[in-house]
Amino acid sequence: MAMRAAVAAPRGLRRLFCTNSTSPSSPFTLTGPPTTRQMGEPSTNLFVSGLNKRTTTEKLREEFAKFGEVVHARVVTDRVSGYSKGFGFVKYATIEEASKGIQGMDGKFLDGWVIFAEYAKSSPAPGQQPANNMTNPYARQ
DNA sequence: CATGAGCGT
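Using UniProt numbering, you'd call the opening residue of the first sequence number 1 and step up by one each time.
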């Protein structure tokens, strides 16, 4: 009943939010193939959340660069106010590095805050990209 | 100046 501000974490993030005192130690055996934890769909684009509102893009990129080559990294900030929204995106060169980056940075501390790494969504279709390179919707008039 | 659970300029 005291579930105020229910955690709306996308997946498996609540495990850290809910102040897990002790593991349930479920006697049940892990059923399933010993495959790697594949959360969501594999992609080189990672969505990093839980970032400190004062964390910069360079810091995020530097931290994730330890697990692989970061092609692109950015901390989402409000264009109007200019303050960080608290999350960012990190793109690795390969999915393999992305997977390591997720399992390597997910649940870690950054600037005093627990961060979460997960595959980013917002993709029209895999292997499909619009050739709109001559127009820039973000260009202010 | 400030702190949340969110998928971008």
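Glycine included, each C-beta is placed from N, C-alpha and C at the ideal position. Just so we're clear, the structure is a prediction, and the values are computed from it rather than from any experiment.
Restricting to Cα atoms, I'd like to know which of the options is closest to residue i.
i	options	result
Leu60	Gly82, Ser99, Tyr83, Phe87	Phe87
Tyr92	Arg79, Glu62, Asp111, Arg54	Glu62
Glu58	Asp111, Gly107, Arg79	Asp111
Excluding five sequence neighbours on each side, which residues of the same chain lie with their C-beta closer than 6 Å to the C-beta of residue i?
i	result
Pro42	Ile95
Lys53	Ser84, Gly86
Once the 5 residues before and after residue i are set aside, which same chain residues still bring their CB inside 8 Å of it?
i	result
Thr77	Tyr83, Ser84, Lys85
Tyr119	Met39, Gly40, Glu41, Pro42, Ser43, Asn45, Leu46, Phe47, Ala98, Ile102
For residue i, which residues of its own chain have a beta-carbon under 7 Å away from its beta-carbon, when the five flanking residues on both sides are left out?
i	result
Phe64	Val70, Ala73, Val90, Gly101, Met105
Glu97	Phe67, Gly68, Glu69
Thr56	Val75
Gly50	Trp113, Val114, Ile115, Phe116
Count the other C-beta atoms from every protein chain shown that fall within 10 angstroms of the C-beta of residue i, then say buried if there are 16 or more, exposed otherwise.
i	result
Ser81	exposed
residue 158	There is no way to answer for residue 158, as the model of the chain reaches only from 1 to 141.
| task | Starting from the N-terminal side, write out each stretch of the alpha helix (DSSP H) that is 4 residues or longer and does not extend beyond the UniProt domain "RRM" (44-122). | result | 57-64, 95-105
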